[in-house]
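Undergrad: Can you read through this structure? Questions will come right after.
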Amino acid sequence: MEILLIIRFCCNCTYAPLHRANRGSTLVLHDLLKHTPVDHPDYPLLQDALRISQNFLSSINEDIDPRRTAVTTPKGETRQLVKDGFLVEVSESSRKLRHVFLFTDVLLCAKLKKTSAGKHQQYDCKWYIPLADLVFPSPEESEASPQVQPFPDHELEDMKMKISTLKSEIQKEKANKGQSRAIERLKKKMFENEFLLLLNSPTIPFRIHNRNGKSYLFLLSSDYERSEWREAIQKLQKKDLQAFVLSSVELQVLTGSCFKLRTVHNIPVTSNKDDDESPGLYGFLHVIVHSAKGFKQSANLYCTLEVDSFGYFVSKAKTRVFRDTAEPKWDEVRPRVLLGGGWGVSLTCCERCWTSLHCIGSPWLRLDPQTVETKNWHTDVIEMNGIKVEFSMKFTSRDMSLKRTPSKKQTGVFGVKISVVTKRERSKVPYIVRQCVEEVEKRGIEEVGIYRISGVATDIQALKAVFDANNKDILLMLSDMDINAIAGTLKLYFRELPEPLLTDRLYLAFMEGIALSDPAAKENCMMHLLRSLPDPNLITFLFLLEHLKRVGGQHWPAHGATSSRVGGGLSLHVSPQVQVLLYYLQHPPISFAELKRNTLYFSTDV
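Under UniProt numbering, the residue at position 345 of the sequence shown is numbered 345, and the numbers go up by one with no gaps.
Put into C-alpha cells, the structure is as follows:
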C-alpha cells in the first residue's frame, strides 16, 4: 500500500503544473526500484512511473543549451524548440502581446501570466497549429492592410517623449543618490509607456492559416522579422510532417516546457536593459541608399530602413523596387527620419518574387553622435551575406535642426528669403512654389502617398540646381520628372528657407494664440497674426494652404470625420506648430484682400 501511494504521488506530480515538478520524485523512484524485487507486482508500475517522470523532466533540463533541449511526448516523438519571440497578435480587433514558440513540428502561441502567488510565471496556451496544417496566404492577401485601427503617429511620438523624460529623471535620481522607491516608481511608469509603444508601433502584417479554416494575424515591425519567421517555418515544412491533435495532458506538458526552453526571456524594451547609458540620439537622420552588388542572378530588389526605437527596430522607409536586375541603383533618400532616443539604424536588402519575400540581411549600425553629426554626408558600404550595399548618411540633432543657414549666394532661390525672391521675380508667390504646385495638381493630386513618399535624391538635387540657375528647360524637366521628386523639391525649398514661413518673430505669438480657449478670441488673434506677416510670406502661405486643402480633399476623410478628429482628440496631442496649420486648414477660405480690409476691425495684443 505504501508503494502504491508513492506511485500515485509521483504520477500526479508528473502532470501537475510545471513549478510543482522536481527531480526528487525521480530519485525516489530510482530508490524504490532498487529495493523492490523484480517479481513484485508493483515493479512494472514503478518502471512506468519512472519512465513518465524522466520523459517530463527532460523538457526542463537546465544543464544543456535550452534551444537544443528535446521534449519527449507520451507518443515517443522528439520535439525541439527552433525559434521564439514576442509578437503582437491582432485578436478580436485589438492588439495582444504574445510569446510565440516554433517547435520542429508545431507553432504555439502563448501568453505569459503570473500565478496567484505572484512569484512564479508560467505560460497559458492561446492556440497551436501543427506545421503540417499551417499554410501561408497568397501574396496579395499577405500584403493587404490589416483591419485594425492604426495608432496615430503623434501619439507614438508623445510616448517616446515621455519615455525620454522618464529615463532622464531616473538618471538624475541615481546621480543624486535618490530613494530606491522613487527610482522604482519612475521605472514602472517608463515600462508602461514602453510596453504601449511596443504594442502599438508594429504595422507590417504576418498572416498564417490553419487548414481547418482558422486564420491568425500578427503585426511585426520589419520585413526582415517577417521573412525570418516565414523562412524558419517553411524550412521545417520541407520534412515529412504529419498532422496531429495534442491531448490536454500533452498540451499542458508542452506549454509548461516553454518557460524553461525559451531563448527570449524579456519583453524587448529598454526597461529590461542597463539604463545607466546616455538617453540616445534625438534629431533627424538623412539616408541615401545608392546601390547594391553581389547578387548571383536578377531579381526584384529593394531596401528598407529601420531605426532603433527604445530597444527594438521600427520600419521607417523603403526604396522603390528595382525590377529584374542584379545591380540595383536606387539613389533614393528618406529625408528627416525622426530619431527619438534611438542608438542606431538597420538597412535590410530584400528580394521580392510572386510567391514570397526573402530578406538577405539586416546589419545594425550604431550611431556615434561625434562622427555622424556633421554638415557633410558620410558614405559607407555594409555587407550582408555576400551582398554589398552602398549608402550615405547624415545626422542632425534636434537643436541643430531648428537652425536655418541662409544661402551665401543670392542669385538662386534655395536658402534665400521669400521677399528677395519675389522682388527679383516681380511675383507674389515664388516661381518654384507655383510650378511645383501646378505640376502636383496636374498629375499627382490622386497619387497615394504624395508629400509622404520620398523622391529619388538625384532627381531632387537636379531640380534644385535647375531652379537655382533659372534654367529655361525647367518646364520640360518638370513634365518628365517623377511626381514624388517634384513634391520632395517643394518640401526641400521650404525646409531650406532662412526662416520659417510664419517667421521667427511671430513664432511665440502663434504658440500663444493657438492655446487660447475662447473661440472668438482665438479667431481674432489668429487672423491678426496672419495680417502681421510680411506680404510675400502671407500670400505664399495662403497659396500653399489652398493647395493642401485640395490635396487633402483627395486623401483625407470626409469633412465631418476630419473635423472631429482634428478638432477633438488630435489637437490635444500634436505639437503646437501642427495645431496652427490644422487650425487654418479647417478654417473657411481666407482671402488676402479680405484680411487687409479688416485690419481696422480686428486687433489684439499678444
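Quick reminder that beta carbons are idealized off the backbone N, C-alpha and C, glycines included.
Bear in mind the structure is a predicted one, so any value in this text is a computation, not a measurement.
Looking at Asn89: is its Cβ nearer than 8 Å to the Cβ of Leu285?
TA: It is Glu, not Asn, that sits at residue 89 in the sequence shown. It is not a contact, given that the beta carbons lie outside the stated cut-off.
Undergrad: State the DSSP-derived secondary structure class of Thr396, mapped to helix, strand or coil.
TA: Thr396: strand per DSSP, three-state reduction.
Undergrad: Between the Cα of Gly283 and those of Val421, Leu506, Met161, His358, spot the shortest distance and give me the residue it belongs to.
TA: The shortest C-alpha separation from Gly283 is found at Met161.
Undergrad: Could you check if Asn193 is buried or exposed, using at least 16 other CB atoms within 10 Å of its CB as the buried criterion?
TA: Under this definition Asn193 is a buried residue.
Undergrad: Going by other Cβ atoms of all chains shown within 10 Å of its Cβ, with 16 needed for buried, is His378 buried or exposed?
TA: With fewer than 16 Cβ atoms within 10 Å of its Cβ, His378 is classed as exposed.
Undergrad: When DSSP labels each residue in this structure, what does Phe284 get in the three-state scheme?
TA: The answer is strand: DSSP assigns Phe284 an E or B state.
Undergrad: In whole angstroms, what is the alpha-carbon distance linking Ser591 and Thr489?
TA: Distance between the alpha carbons of Ser591 and Thr489 is about 27 Å.
Undergrad: Please identify the residue among Leu501, Phe195, Leu219, Arg211 whose C-alpha is closest to the C-alpha of Thr203.
TA: Taking only the C-alpha atoms, the option nearest Thr203 is Leu219.
Undergrad: Which parts of the region 210 to 257 are runs of the beta strand (DSSP E), unbroken and 3 residues or longer, counting only runs that do not cross its ends?
TA: The qualifying runs are 215 to 220.
Undergrad: Taking buried to mean at least 16 other C-beta atoms within 10 Å of its own C-beta, is Val345 buried or exposed?
TA: Looking at its Cβ environment, which holds 16 or more other Cβ atoms inside 10 Å, Val345 is buried.
Undergrad: With a threshold of 16 other CB atoms inside 10 Å of the CB of Ser222, please say whether the residue is buried or exposed.
TA: Result: buried.
Undergrad: Could you please give the first and the last residue of the uninterrupted alpha helix (DSSP H) stretch that includes Gly513?
TA: It spans 507 to 514 - the alpha helix (DSSP H) in which Gly513 sits, taken as one unbroken run.
Undergrad: Please report how far the alpha carbon of Ala326 lies from the alpha carbon of Ala144, in whole angstroms.
TA: Going by the C-alpha atoms only, they are around 28 Å apart.
Undergrad: Taking the CB atoms as reference points, tell me whether His290 and Phe391 lie closer together than 8 Å.
TA: Yes; because the gap between Cβ atoms is below 8 Å, this pair is in contact.
Undergrad: For Thr78, which of helix, strand or coil comes out of DSSP?
TA: Here Thr78 sits in strand by DSSP.
Undergrad: Is DSSP giving Leu32 helix, strand or coil here?
TA: Helix, per DSSP.
Undergrad: Leaving out five residues before and five after Asn537 in sequence, what residues of the same chain have Cβ atoms less than 8 Å from its Cβ?
TA: Cβ neighbours of Asn537 beyond the five flanking positions: Ile418, Ser419, Leu501, Leu502, Thr503.
Undergrad: Under the assumption that Leu87 contacts Arg95 (Cβ atoms under 8 Å), give the Cβ distance between them as a whole number of angstroms.
TA: Incorrect: roughly 10 Å between the Cβ atoms, too far for contact.
Undergrad: Could you tell me whether the region 239 to 253 touches the region 126 to 135, where touching means 3 or more Cβ pairs closer than 8 Å?
TA: The answer is yes - the region 126 to 135 touches the region 239 to 253, with three or more Cβ pairs under 8 Å.
Undergrad: I need the DSSP call for Thr379, collapsed to helix, strand or coil.
TA: Note: Thr379 maps to strand in three-state DSSP.
Undergrad: Do you know offhand how far Asp42's Cα is from Arg226's?
TA: Rounded to the nearest angstrom, the two C-alpha atoms are 53 Å apart.
Undergrad: According to DSSP, what are the bridge partners of Tyr302?
TA: The partner list for Tyr302 (beta bridge, DSSP) reads Cys350.
Undergrad: Throw me the rounded Cβ distance for the Ile183 and Ile163 pair, which I believe falls under 8 Å.
TA: Contact doesn't hold; Cβ gap of about 15 Å is too wide.
Undergrad: At what residue ranges does the region 154 to 214 contain a whole run of the beta strand (DSSP E), taking only runs of 3 or more?
TA: DSSP runs (the beta strand (DSSP E)) wholly in the region 154 to 214: 204 to 210.
Undergrad: Check whether the Cβ of Glu438 lies closer than 8 Å to any Cβ atom in chain D.
TA: Chain labels in this structure do not include chain D; a single protein chain is all it has.
Undergrad: Taking Cβ positions, are Ile387 and Gly444 nearer each other than 8 Å?
TA: Contact flag unset, no.
Undergrad: Any idea what DSSP makes of Tyr431, helix, strand or coil?
TA: Correct three-state label for Tyr431: helix.
Undergrad: I'd like the list of long-range same chain contacts for Thr540, defined as Cβ closer than 7 Å, with 5 residues on each side in sequence excluded.
TA: So the list reads Ile418, Val429, Pro430, Val433, Leu501, once near-sequence residues are dropped.
Undergrad: For Thr263, count the other beta carbons within 10 Å of its own beta carbon; 16 or more makes it buried, fewer makes it exposed. Which is it?
TA: It is exposed - the Cβ of Thr263 has fewer than 16 other Cβ atoms within 10 Å.
Undergrad: If we count the other Cβ atoms within 10 Å of its Cβ and call it buried at 16 or more, is Ala487 buried or exposed?
TA: Buried, because 16 or more other Cβ atoms sit within 10 Å of the Cβ of Ala487.
Undergrad: Helix, strand or coil: which one does DSSP assign to Ile360?
TA: Strand, per DSSP.
Undergrad: Where Leu516 and Leu595 are concerned, what is the direct C-alpha to C-alpha distance, given to the nearest angstrom?
TA: Their backbone Cα atoms lie some 21 Å apart in a straight line.
Undergrad: Would you list the residues sitting across from Trp127 in a DSSP beta bridge?
TA: Partner(s): Cys109.
Undergrad: Per DSSP, what kind of secondary structure is Gly344 in: helix, strand or coil?
TA: Of the three classes helix, strand and coil, the one that applies to Gly344 here is strand, per DSSP.
Undergrad: From the DSSP output, in three-state form, read off Arg452 for me.
TA: Note: Arg452 maps to coil in three-state DSSP.
Undergrad: Any heavy atom of the ligand SAH inside 7 Å of the beta-carbon of Pro498?
TA: The model on display carries no ligand, and the ligand SAH is accordingly not part of it.
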